[in-house]
Amino acid sequence: MARPIRQRSRVRVAAAAVVVGLGADDQPRGCTFKPILEAAHITPYCYGGTFSIENGLLLRAEIHTLFDLGMITIYAEKDPMIIKISELLDNTEYVEFHNQPLLIPKESDYSPDKYALERHSERYNLDYLCY
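Position one of the sequence shown corresponds to residue 1 (full-length UniProt numbering), numbered consecutively onward.
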């Protein structure tokens with residue numbers, strides 16, 4: 001489950017290196033307002049995830065929460081990687097992200113861990129939209 005906001009704001013300081021490494025763009029869709037961007041673990045630390053840049057995604061705060069809940073995931077089997085939205089989010093503003101490519105900063109050697117992304121999708125076993 002998602003951590004409380006207070007606890008998560010402390011993580012922001014520890015995640016600063018990931019934010020710098022990923023650049024200033026929100027990966028789902030070009031948000032550049034840095035105060036609402038957070039570094040999200042693909043594999044949570046409690047499941048053995050690391051603080052490496054490959055285990056991180058730069059996401060808007062509410063997208064980070066939805067990702068942690070498994071309501072948003074990334075299919076890494078394709079190139080580019082594709083964002084998938086849970087059926088639970090159908091008829092919400094988050095549907096616009098469904099089937100969109102994951103944006104990776106162009107001037108970066110960064111690439112999220114595809115194996116970790118595949119495990120993320122499987123961990124929640126939710127039905128994702130089919131259209």
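For each residue, glycine too, the CB sits at the ideal point set by N, CA and C. Predicted model only: the values in this text are computed from it and were never measured.
{"Item": "C-alpha distance - Ile-42 paired with Glu-96, whole-angstrom precision", "Value": "21 Å"}
{"Item": "Distance between beta carbons of Tyr-115 and Ile-53, contact taken as under 8 Å", "Value": "Contact doesn't hold; Cβ gap of about 15 Å is too wide."}
{"Item": "Same chain only: Cβ atoms within 8 Å of residue 162, ignoring 5 sequence neighbours per side", "Value": "Any property of residue 162 remains undetermined from this structure, which presents the chain solely from 1 to 131."}
{"Item": "Cβ shell of Met-81 (< 6 Å), same chain only, five flanking positions each side left out", "Value": "Ile-74, Leu-102"}
{"Item": "Beta-carbon proximity of Ala-76 to Leu-126, cut-off 8 Å", "Value": "no"}
{"Item": "Check whether Leu-57 and Pro-112 have beta carbons under 8 Å apart", "Value": "yes"}
{"Item": "Burial state of Ile-83, where buried means 16 or more other Cβ atoms lie within 10 Å", "Value": "buried"}
{"Item": "4 or more residues per run - each alpha helix (DSSP H) lying fully within the segment 56–106", "Value": "61–68"}
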